[in-house]
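Visitor: I have a structure here, written as structure tokens, and I will follow up with some questions on it.
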Amino acid sequence: MNSHCVVRARVGSAILWLALLVALAAPVAPSRAEDGHQLWLRYPRLEEPWRSEYRAVAAQLVACPTGQTTAAGSEQSATPSSPLVVARSELARGLTGLLGASPPLASGVTEGGALLFGTPRSCALIAQERLPLRAVGREGYVIRSVVVRGRAATVIAGNTDVGVLHGVFHFLRLLQTHRPVDHLDISSSPRIELRVLDHWDNLDGSVERGYAGASLWDWKKLPDHLDPRYAEYARACASIGINGTVLNNVNASARILTRPYLVKVAALAGVFRRYGLKVYLSARFSAPIEIGGLKSADPLDPAVRAWWRSKVDEIYRLIPDFGGFLVKANSEGQPGPQDYGRTHADGANVLADALAPHGGVVMWRAFVYGRSKEDRARQAYDEFVPLDGKFRANVLLQVKHGPIDFQPREPFHPLFGAMPHTPVMMEVEITKEYLGFATHLAYLGPLYEEVLRSDTYARGRGSTVARVIDGSLFGYPITGMAGVANIGADRNWTGSQFDQANWYVFGRLAWEPTSSAAAIAEEWVRMTFSNDPQFVGPAVAMMMRSREAVVDYMTPLGLAHQMASGTHYGPGPWVHDNPEPDWNPVYYNRADSDGIGFDRTASGSNAVAQYAPLIAARFSNLTTVPERYLLWFHHVPWDYRLSSGRTLWDELVLHYTHGVDEVRAMRTAWSGLASYVDPERFAEVTRFLAIQEREARWWRDASIAYFQTLSKRPLPPGVAPPAHTLAEYEAVCFPSTEGYTSKTPACAPPNPVIP
Ligand code: BDP
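What the sequence shown shows, in my numbering, is residues 1119 to 1873, in sequence order.
This is the structure:
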């Protein structure tokens, strides 16, 4: 190290101390008003003893690329747009916020407590440490406490710049959550390769099933104007390991594939690249006709194949690291290969062939229904299992977590475990289309965890969904997990403060699907709100019970799809007049005077036979089926006795009631936390919980009012009757167009709103 650097480091150190003294002299600031825009990356000033402890570990920031040479002697510097530059500025930003001032930047270890970051290629000091980097792959990292030239140092290293960036976020997370950092030995790498957000954003700026305002992508101003939020979004994604984003709705417009839009997409890709985030697009299967001027989109037509090839070549000329296509085909009216008598494999393969030379992939969705006469839950399995092994190597089959449609609770999709020769990736909904939109507090970690930990028994015990999608069960060559984004242009990004946790937990679980939802909730709470144990305990407890509360007040004991048609907001268990049978809640509840539930055993649709024999046997048997799936698999008499000794009817009513009680308990818990949260976010959560309690009661009362007309049984003793008549609940209509799709029925203004 030259003397100039030493001087610079000392001056920097002095400035740091000065800044610290000034900061210490200042009175402790009251909690600032916040609007949630900073997500979990707030980096608030730490208190003692944490600040001193961390300052000792991060007394000096050693940015290797600026001064260190590799063993071969050739210095490698990060280009201005590389993730390493982002990593450096993130460290500086994080440490400035948390410690009150950024440690001085140096080009070598001159003081104890040095923080070194980089790759072995960019930094000789890191190369000398012989870290176990081989095991962490392209995106992983090693963080280790070491001694460099007799001085304590911490190394954050990756094989690539993106790996380093991920490591930097991990290190900052340790500080944000008050974890010890003096004896670190961390190696981490993603268990799933493609960790992708699916935006259902339309080109007109609306978002299908979006409850957080308009689309983030301002197509009108792109490519000339790059809104600063694009980089903020990518930064947030990188901080939790998300590495892909599908920009447009699966109900796609072919226009996204026209040159003017591709140029805009390329501009976004340029911003995202620095954060390790690849861009993908939803492709409309009929694009060769709509924008290509062809007569057909038949995947076996040579002209169609040529069109896709040249379109994909054009995309890669503009976006050399383009990720690939997501496709919804022959699903809910979307065009697809079956329009030409071809299979899903034929359709996926034509796109895959065009993408393969460039390293792109196809994520082909398995969300199909409408052709199965007896049971919608059966169709995807019936259609796709015969195609196992017929897809090209760069195709992944994207399967929703359950066999119906993103319900608050479903058993895992039987396709997990049934496609040993086709990489199956999982799709979850982060946006809460079926869980109360943005105002209901429902932390989805437990939902994702429940599915990931479900055992498919495809290869005996321990064949969990996590092991299917991380590729370890069948040796898939590519792996993926997708989440339908809940992100929009609202200041708080996700429509509510607590919905940020769902974006967060998606990323963290996609990186490591065996992590615990509770541990992730705690991490998020600490970073987003406060590390105070008096806050952390109750806040995490609220989050952990919140999803079950929603299940209870909306769809207890295995019921599903009881939401009002179209909007999917509010209860509609009585709805029976939609043109498609499986758009009607009565199709799913099958409630009549004898009982309730969908018989999917051998005496009914036999969808249960799609599971491995052991699971099928367990679910088929009334005495062994988990009660949480009871009405999913069985039509059960109202007087059937459950494990509690109560009748099904009584138990159903008690579950609905318990759901409301849980929300009330969440409100009470939150009301005691005011002193730990800034007033703005506290008030917003308070208001939303009040909405949730009112609507939970609406759900409970309306559902009980309807089912009671069929069960004709009294409510269990001590249970309050519904506040209104069934007719009044049936007349309720959702007054806003939020979540509107073309399927949404008109809502005439005089209709009453929620009682
Ligand atoms: C349904 C949504 C609809 C989506 C569809 C899908 O209501 O808006 O287009 O899923 O996943 O749940 O394609």
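Backbone N, C-alpha and C define an ideal beta-carbon position, used for all residues, glycine too.
In this text the structure is predicted, and so the values were computed from the model without any measurement.
1. Find out if the Cβ-Cβ distance for the pair Tyr1398, Gly1441 is shorter than 8 angstroms.
2. Going by Cα to Cα distance, which pick from Lys1830, Gly1362 and Pro1697 is closest to Tyr1393?
3. With distances taken Cα to Cα, identify the nearest neighbour of Arg1663 among His1288, Gln1497, Val1803 and His1776.
4. Which residues in the same chain as Pro1346 place their Cβ atom closer than 7 angstroms to its Cβ, once the five residues preceding and following it in sequence are excluded?
5. Can you tell me whether Asn1369 sits near the ligand BDP, meaning its C-beta is under 7 angstroms from at least one heavy atom of the ligand?
6. Where Thr1741 and Ser1371 are concerned, what is the direct C-alpha to C-alpha distance, given to the nearest angstrom?
7. Expressed to the nearest angstrom, what Euclidean distance is found between the alpha-carbon atoms of Val1850 and Leu1553?
8. According to DSSP, which residues form a beta bridge with Gln1246?
9. Which class does Thr1827 belong to by DSSP, given the choice of helix, strand or coil?
10. So for Trp1318, helix, strand or coil by DSSP?
11. Since I believe Ile1596 is in contact with Leu1312 (beta carbons under 8 angstroms), could you give me their beta-carbon distance rounded to a whole number of angstroms?
12. What residue range is occupied by the uninterrupted alpha helix (DSSP H) comprising Gln1516?
13. Please check the pair Val1430 and Ser1400, which I expect to be a contact at CB under 8 angstroms, by giving their CB distance rounded to whole angstroms.
14. How many angstroms separate the CA atom of Ala1639 from the CA atom of Ala1463?
15. Does the beta-carbon of Glu1780 have 16 or more other beta-carbons within 10 angstroms, so that it is buried, or is it exposed?
16. Could you give the distance in angstroms between the alpha-carbon of Pro1308 and the alpha-carbon of Ala1628?
17. Select from Val1778, Ala1823 and Thr1843 the residue whose C-alpha is nearest the C-alpha of Glu1811.
18. Less than 7 angstroms separating the Cβ of Arg1327 from some heavy atom of the ligand BDP?
19. Starting from Trp1482, trace the beta strand (DSSP E) both ways and give me its first and last residue.
20. Measure the alpha-carbon distance for Pro1148 versus Ile1358 and round it to whole angstroms.
21. Decide if Asn1702 is buried, meaning its Cβ has at least 16 other Cβ atoms within 10 Å, or exposed.
22. Tell me, please, which residues DSSP counts as bridged to Glu1545.
23. Can you grab the Cα-Cα spacing for the pair Val1445 / Met1481, in whole Å?
24. Any idea if Ala1735 is buried or exposed, counting beta-carbon neighbours within 10 angstroms, 16 or more meaning buried?
25. Among residues of its own chain, excluding the 5 on either side of Tyr1161, which ones have a beta-carbon nearer than 6 angstroms to its beta-carbon?
26. Under DSSP, the alpha helix (DSSP H) around Val1207 begins and ends at which residues?
27. On the DSSP letters alone, give me the boundaries of the alpha helix (DSSP H) that Asp1471 sits inside.
28. Quick one: give me the first and last residue of the alpha helix (DSSP H) that Gly1535 is part of.
29. Taking Cβ to Cβ, would you say Tyr1847 is nearer than 8 angstroms to Ala1820?
30. Given Gly1328, which residues of its chain have a CB within under 7 angstroms of its CB, disregarding the five upstream and five downstream residues?
31. Starting from the N-terminal side, write out each stretch of the alpha helix (DSSP H) that is 4 residues or longer and does not extend beyond the stretch 1320-1374.
32. If contacts are defined as beta-carbon pairs under 8 angstroms, then Ala1232 and Pro1238 qualify, I think. What distance do you get, rounded to the angstrom?
33. Are Val1260 and Leu1209 closer than 8 angstroms when you measure CB to CB?
34. Which residues bound the beta strand (DSSP E) around Asp1717?
35. Under a Cβ-count criterion, where at least 16 other Cβ atoms within 10 Å of its own Cβ denotes burial, should Val1265 be classed as buried or exposed?
36. Give the DSSP-derived three-state secondary structure of Pro1840 in the structure shown.
Guide: Judging by the given coordinates:
1. The answer is yes: Cβ separation under 8 angstroms.
2. Comparing Cα-Cα distances from Tyr1393 to each of Lys1830, Gly1362 and Pro1697, the minimum goes to Gly1362.
3. Restricting attention to His1288, Gln1497, Val1803 and His1776, the CA atom closest to the CA of Arg1663 is found in His1776.
4. Contacts found: none.
5. Asn1369: yes, Cβ under 7 angstroms from the ligand BDP.
6. Distance from the CA of Thr1741 to the CA of Ser1371, rounded to the nearest whole angstrom, comes to 49 angstroms.
7. Those two C-alpha atoms are separated by around 18 angstroms.
8. Partner residues in a beta bridge of Gln1246, as assigned by DSSP, do not exist.
9. For Thr1827, the secondary structure class from DSSP, reduced to helix, strand or coil, is helix.
10. Three-state DSSP puts Trp1318 in coil, outside helix and strand.
11. Indeed they touch by this definition, with Cβ atoms about 7 angstroms apart.
12. DSSP places Gln1516 outside any alpha helix (DSSP H); the residue lies instead in the beta strand (DSSP E), whose first and last residues are Val1513 to Lys1518.
13. Between Ser1400 and Val1430 the Cβ distance is about 14 angstroms, and since that is not below 8 angstroms, they are no contact.
14. When the Cα atoms are used, Ala1639 and Ala1463 turn out to be separated by approximately 39 angstroms.
15. That one is buried.
16. So the alpha carbons of these two residues sit roughly 8 angstroms apart.
17. Nearest to Glu1811 by C-alpha distance, out of Val1778, Ala1823 and Thr1843, is Val1778.
18. Yes.
19. From DSSP, the beta strand (DSSP E) with Trp1482 extends over Val1479 to Arg1483.
20. With a pLDDT of only 40 at Pro1148, under 50, the local geometry of the prediction cannot be trusted, and no value is derived from it.
21. Burial call: buried.
22. Looking at the DSSP assignment, Glu1545 forms a beta bridge with Lys1518 and Ala1600.
23. When the Cα atoms are used, Val1445 and Met1481 turn out to be separated by approximately 6 angstroms.
24. Exposed is the call here.
25. So the list reads Gly1212, Gly1215 and Leu1216, once near-sequence residues are dropped.
26. In the sequence under discussion, the amino acid at residue 1207 is Ser, which differs from the Val named in the question. Pro1201 to Leu1217 is the span of the alpha helix (DSSP H), which, as asked, contains Ser1207.
27. His1462 to Leu1473 is the span of the alpha helix (DSSP H), which, as asked, contains Asp1471.
28. Premise fails: Gly1535 is in no alpha helix (DSSP H) and is neither H nor E.
29. Yes, Cβ-Cβ distance for Tyr1847 and Ala1820 is below 8 angstroms.
30. The beta carbon of Gly1328 lies closer than 7 angstroms to those of Trp1318, Thr1549 and Gly1606 in the same chain, with the five residues before and after it left out.
31. Taking only runs of at least 4 residues, the alpha helix (DSSP H) segments lying wholly in the stretch 1320-1374 are 1346-1357.
32. Under the criterion of beta carbons closer than 8 angstroms, Ala1232 and Pro1238 do not qualify as touching, at roughly 17 angstroms.
33. Between Val1260 and Leu1209, the C-beta spacing is not below 8 angstroms.
34. Element bounds for Asp1717: n/a, residue is neither H nor E.
35. Exposed, by the Cβ-count rule.
36. In the structure shown, Pro1840 adopts coil according to DSSP, grouped into three states.
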